[in-house]
Amino acid sequence: MFLKNPPGSFLLLVMVFLSSCATTKKVPVPVVDTAVVVTAPVPVDSTRTDAFLEDLLKQYPQYFDSILQKRKDWNVQLIYTQIDKGANGIAALKNYYFNLNGARYFYPASTVKFPVSMLALQKLNELKIKGVDRNTTMITEQAFSGQTPVYNDPTTPDGKPTIAQYIKKILMVSDNDAFNRLYEFLGREYINEQLHKKGYGDVQVLHRLSIPLSREENMHTNPLKFLGPQNNIIYDQPMQYDTSQYVQRNDSIGRGYYKAGQLVNEPMDFSTKNRISLEDLHIILISLVFPNKVPGAQRFSLTKEDRDFLLKYMSQLPTESSFPPYSADTVNYWPAYCKFLLFGSEKGALPKNIRIFNKVGDAYGQLTDAAYIVDLDKKIEFFLSATIYCNKDGILNDDLYDYKTIGLPFMKHLGQVIYEHELKRKRKNIPDLSGLIFDYDTPNH
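445 is the number that the numbering used here gives the last residue of the sequence shown; the numbers go up by one with no jumps.
Right under this line is the structure:
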């Protein structure tokens, strides 16, 4: 779908320039102000279910009867947040939970890309280097086993890789390589130290996605350079190495798994894989939409422009994107791609009045979506986060997951039921949603 070579001669110019530099100005990586050792508390085993949410699901046995009966086996966890605006526009939030349990591990898959995208913009703000921002050319190099370089990005108009373009790819289609490049820009220690410092202590982001690297290779992150308009180096970040110590976990999933074509009849070990609880994802999303509704320590250091950038591309559909050119490939990227709640596996056009600001994840049979859903015409807004394990046979790596028969229908029906409830729910004040109307990209096709 994408060009194999960069537009013009940008790649050649960059490689010649980098190889011919006699002197390089190096700017140190920001020094963290906490101890090197990063730890996360062991989650307390406690399940929260509100009668309101359980009773609401029981009203639709055709959709949720199996969910209610198998909530534990399928590790179903839900958070629904009602939003009521005061006359002054300030939001009041009320949370409802179903089977929420931070001690019950689920593989977060691509949902970890959301806080990492926010941290990438935060780090750019912290660097405070003139000329370095999300639109600055970022060249990724290699210095350790398993690392790969990036000198160009054929999905941008000028072929130059940038933080902004990586975030767009993540938020619209959940691109794995884009996440890996932000992981390398941030460094593993910064990611975890910052999230723990903000109070998201359950989080462990320990590895890149979709590439088989060793623990040591994931501890090392690539050196990289930011280039100015004349391809001059304005920020040089050396390779980083995470020496932090993390809490040893005992997370496992399933009753068996395939390894090298052989069935192993025991649960698959996830103790060294990424972890984030549904509640942390939900709160991080709230912190983006309504920063003042979370304690100051839990907020990310983002500007209003940063927040608007994230919200725009969280809600922009792939069919509305020119760069990357997802609109040219509607076979692989349909309107509701990465919009599980409310739309499930639907591939048709979506109502223009509904916008979903969300991040999904799916892997190893686990389906997750954390979303802020608005109807611009009917003036409703709510948060809804859900996860479900769609793997009836309990075997991992067999490519026989039940996304289409269990997970996606559940997500669609859950979103619809909550949406219909919101339509009926009385509000004292009509919310002003004008700040959520964005000028989306216009496809050139």
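Idealized CB from N, CA, C, for every residue including glycine.
When the beta-carbon positions are compared, T155 and K169 come within less than 9 Å of each other.
By the neighbour-count definition (other C-beta atoms within 10 Å, threshold 16), Q77 is a buried residue. Non-local beta-carbon contacts of D398 in its own chain, meaning distances under 6 Å to residues more than five positions away in sequence, involve Y258 in chain order. The beta carbon of A363 sits closer than 8 Å to those of Y107, A109 and S110, all from its chain and outside the five residues before and after it, given in chain order. G146 is positioned such that its CB atom lies closer than 9 Å to that of S214. For G256, there is no enclosing alpha helix (DSSP H); the enclosing beta strand (DSSP E) has its first and last residue at G256 to K259.
A straight line joining the alpha-carbon of L121 with that of Y190 spans about 13 Å. Setting aside the 5 residues that flank it on each side, S277 is surrounded in the same chain by G102 and D202, each with a C-beta closer than 6 Å to its C-beta; the list follows chain order. Nearest to V173 by C-alpha distance, out of R208, K113 and E217, is K113.
DSSP places I139 inside the beta strand (DSSP E), whose first and last residues are T137 to T140. The Cβ atoms of F340 and K412 sit closer than 9 Å to each other. Under the DSSP assignment, R188 falls outside any beta strand (DSSP E), being part of the alpha helix (DSSP H) whose first and last residues are R188 to K197. Annotation: the continuous beta strand (DSSP E) that includes K225 extends over L224 to L227. With a threshold of 16 other beta carbon atoms within 10 Å, L263 falls short and is exposed. Across the structure, D242 and P324 are spaced so that their CA atoms are roughly 32 Å apart. Out of L384, S327 and E266, the CA that lies nearest to the CA of I284 is found in L384. Our two residues, I79 and I286, have alpha carbons roughly 12 Å apart in a direct line. A direct Cα-to-Cα measurement between K352 and A87 gives close to 27 Å. In the DSSP assignment, the residues bridged to L396 are Y257. Across the set R188, A143 and D133, the C-alpha of D133 shows the shortest separation from the C-alpha of P161. Secondary structure at F357: strand, using DSSP grouped into helix, strand and coil.
With a beta-carbon spacing of about 30 Å, S117 and I67 fall beyond the 8 Å limit used to define contacts. Taken atom to atom, the span from the alpha-carbon of N135 to that of I129 is near 13 Å. For E346, no alpha helix (DSSP H) segment is defined, and its DSSP state is neither H nor E. Shown here, L310 sits in a helix according to DSSP, grouped into three states.
Residue burial is scored here from C-beta neighbours: L423 has fewer than 16 other C-beta atoms within 10 angstroms and is therefore classed as exposed. Separation of G348 and Y333 (C-alpha to C-alpha, rounded to the nearest whole angstrom) is 11 Å.
Annotation: the continuous beta strand (DSSP E) that includes V374 extends over Q366 to D375.
Close CB contacts of K70 within its chain, under the 8 Å cut and outside five residues either way in sequence, are with V76 (chain order). Taking a cut-off of 8 Å on C-beta distances, the segment 286-299 does not touch the segment 315-324, as fewer than three cross pairs fall below it. Residue burial annotation: A51 is exposed, with fewer than 16 other C-beta atoms found within 10 angstroms of its C-beta. The Cβ neighbour count for V360, taken over all protein chains shown within 10 Å, is at least 16; the residue is labelled buried.
Taken in chain order, the unbroken stretches of alpha helix (DSSP H) that lie wholly in the segment 281-329 and span 4 residues or more are 304-315.
Y97 is bridged by DSSP to I79. By the CB criterion at 9 Å, F382 and Y389 fall outside the cutoff.
Under the three-state reduction of DSSP, T49 is assigned to coil, being neither helix nor strand.
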